[in-house]
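J.: Residue numbers (this note's numbering): 350 to 692.
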Amino acid sequence: MKKANINSTKVAVLLVLCLQNSLFTVVRRYSQGVLKETYSKHEVLLFGEAVKMAFSAYMIYKGANENGEQSMYKHFHHLMVTSNKMFLLALIYGLMNILSYVALRNISASMFTICAQLKILTTATFSCTILRRQYSMVKWRALLSLSVGVLLFSEPIWNDSEAKHSAGGSGQFWGTVAVLTEVTLSGFASIYFEKVVKSDVDNLTIWERNFQLALGSFPIYLSFICFNGGDEAGYFGGWTFVTYLLALLGASGGLLVALSIKYGDAILKTLATTGAIILSSVLDHLWLGGPLTPIMSLAGCVVVLAIFDYTFDPSPTVAHSTAIEKKAPDNDSDTSIELTKSA
350 MKKANINSTK VAVLLVLCLQ NSLFTVVRRY SQGVLKETYS KHEVLLFGEA VKMAFSAYMI
410 YKGANENGEQ SMYKHFHHLM VTSNKMFLLA LIYGLMNILS YVALRNISAS MFTICAQLKI
470 LTTATFSCTI LRRQYSMVKW RALLSLSVGV LLFSEPIWND SEAKHSAGGS GQFWGTVAVL
530 TEVTLSGFAS IYFEKVVKSD VDNLTIWERN FQLALGSFPI YLSFICFNGG DEAGYFGGWT
590 FVTYLLALLG ASGGLLVALS IKYGDAILKT LATTGAIILS SVLDHLWLGG PLTPIMSLAG
650 CVVVLAIFDY TFDPSPTVAH STAIEKKAPD NDSDTSIELT KSA
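(1) Can you find the residues in the same chain that come closer than 7 Å, C-beta to C-beta, to Phe560, ignoring five residues on each side of it along the sequence?
(2) Between the stretch 486 to 501 and the stretch 647 to 654, do at least 3 Cβ pairs fall closer than 8 Å?
(3) Inspect the CB distances between the stretch 433 to 449 and the stretch 578 to 595 and report whether three or more fall short of 8 Å.
(4) Closest to Leu368 by CA distance: which of Ala655, Trp489, Lys618 is it?
(5) Return the CA-CA distance between Pro505 and Met421, expressed in angstroms with no decimal places.
(6) Using DSSP with H/G/I as helix, E/B as strand and the rest coil, what is Glu386?
(7) Can a CB atom of chain C be found closer than 8 Å to the CB of Leu428?
(8) DSSP three-state label for Ser566, please.
(9) Are three or more beta carbon pairs between the stretch 626 to 635 and the stretch 384 to 391 nearer than 8 Å?
(10) Have a look at Ile463 and Ser548 and give me their C-alpha separation to the nearest angstrom.
(11) Check whether the Cβ atoms of Asn455 and Trp556 sit closer than 8 Å, and answer yes or no.
(12) When the Cα atoms are used, what is the spatial distance from Phe585 to Leu598?
(13) Can you list, in chain order, the residues of its chain whose CB lies under 7 Å from that of Phe657, leaving out five sequence neighbours each side?
(14) Specify the secondary structure class of Arg454 as computed by DSSP and reduced to three states.
(15) Decide if Gln483 is buried, meaning its Cβ has at least 16 other Cβ atoms within 10 Å, or exposed.
(16) Beta-carbon separation of Val393 and Ala596 under 8 Å?
(17) Could you give the DSSP three-state label for Thr589: helix, strand or coil?
(18) Given a cut-off of 8 Å on the beta-carbon distance, is the pair Ser488 and Tyr659 in contact?
(19) Rounded to whole angstroms, what's the CA-CA distance from Val375 to Leu641? Just pull it up for me.
(20) For Glu581, does the three-state DSSP call read helix, strand or coil?
(21) From Ala452 to Ser664, what distance separates their C-alpha atoms?
(22) By how many angstroms is the C-alpha of Gly602 removed from the C-alpha of Val362?
(23) By Cβ distance below 7 Å, which residues in the same chain neighbour Phe573 in space, the five residues on each side in sequence not counted?
(24) Can you find the residues in the same chain that come closer than 6 Å, C-beta to C-beta, to Ser459, ignoring five residues on each side of it along the sequence?
(25) Can you say whether Met435 is buried or exposed, counting buried as having 16 or more other CB atoms within 10 angstroms of its CB?
(26) Tell whether a beta-carbon distance below 8 Å holds between Ala600 and Gly443.
(27) Using the beta-carbon count (16 or more within 10 Å), is Val653 buried or exposed?
(28) Assuming the contact rule is C-beta atoms closer than 8 Å, Leu493 and Ala473 should be a hit. Round their C-beta distance to whole Å, please.
(29) Taking just the CA atoms, how far does Phe461 sit from Thr525?
(30) Take Gly579 and list the residues in its own chain whose beta-carbon comes closer than 8 Å to its own, dropping the five residues that flank it on each side.
(31) What number of angstroms, rounded off, separates the C-alpha of His669 from the C-alpha of Ile540?
(32) Can you find the residues in the same chain that come closer than 8 Å, C-beta to C-beta, to Leu448, ignoring five residues on each side of it along the sequence?
(33) Using three-state DSSP, classify Gln381 as helix, strand or coil.
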């Protein structure tokens, strides 16, 4: 009975991961690319961080009561004082979140979702250069296939001679630059998390890390809000139902990362990624009128197969010599990081 409950929980987590990833992408595209809403994206991100911070604080408080801890003031004070290592990570996540809004204002949700899978390539590259980790030829072939699939999927952008000289073509170009910059930052953030944070002697829980990340994000988004004067609509202007939905979808990432770590495995995460690619592409095409040509469909299949090849590579794992590798037992930190970032 217990095993059946765990399996049903895994299925539920899979569905929630898939839906959250897909809806967050498609709704952002709808808000920015179709409705052209004028709210400040920095305010939406700040609201999401506030929700995540409050929920994380509640989970920390609940866990402390179960463990019999007395002084919550000292505990939270310790989290605030020791959050300096998370500030750089919060800054990177902040830039990534902002770039995602820029990208989805200019390119389709399906294009964004496919290009975002290049985070696997950037993570592997930074892992080789910073951690000196070695990958099998199967994984490198999978990464090459992934790159080719993304290139083919983006064919409507780089192979449209008329669009290149139009305003829309310029927007697509900068949208693609934004998402490629985001996946590069994502790769670095994954390795930074593994090299610096996982070696921390505090051994904090995921809720405590989320609390520190949200705390570090506040001054970043507040600075953008003050500098831009609330953007076009002014301070907290232009908010609609879609805006609040976006903020809540983003904040749910903090909960999802905890669920994925507790119940997830490589199969679940890969299936969730595959489901998000398919669902985002279909919703973008049917709801928002995004492109979905036969070439793009085949390219999407190439990307999905490349993700499966990379994840389920049967080659023996190469032993790592550094101490940090021994403290980081899994290679799925990039997936966990992306869920946290989406919050």
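Think of the CB as a built atom: it goes at the ideal place given N, C-alpha and C, for glycine as much as any other residue.
T.: By the coordinates alone:
(1) Met402, Ser405, Ala406, Ile409, Leu428
(2) yes
(3) no
(4) Lys618
(5) 55 Å
(6) coil
(7) Of the protein chains in the structure, only one exists, and it is not chain C.
(8) helix
(9) no
(10) 32 Å
(11) no
(12) 18 Å
(13) Thr619
(14) helix
(15) Label assigned to Gln483: exposed.
(16) In this structure, Ala596 lies closer than 8 Å to Val393 by Cβ.
(17) coil
(18) This sequence places Lys at residue 488; Ser is not what is there. In contact: Lys488 and Tyr659 (Cβ atoms closer than 8 Å).
(19) 15 Å
(20) coil
(21) The straight-line gap from Cα to Cα measures roughly 36 Å.
(22) The C-alpha of Gly602 is placed about 12 Å away from the C-alpha of Val362.
(23) Answer for Phe573: His391, listed in chain order.
(24) Ser629, Ser630, Asp633, Gly639
(25) Buried, since its Cβ has 16 or more Cβ neighbours within 10 Å.
(26) no
(27) Using a 10 angstroms sphere on the CB of Val653, the tally of other CB atoms reaches 16 or more, which defines it as buried.
(28) Going by Cβ atoms, the distance from Leu493 to Ala473 rounds to 11 Å, so no, they are not a contact pair.
(29) 8 Å
(30) Ser389, Glu392, Phe585, Gly586
(31) Because His669 sits at a pLDDT of 49, beneath the cut-off of 50, its placement in the model cannot be relied upon, and the following sentence gives the value as read from the coordinates. Straight-line Cα distance between these residues: approximately 15 Å.
(32) Answer for Leu448: Ala527, Val528, Thr530, Glu531, Leu534, listed in chain order.
(33) helix
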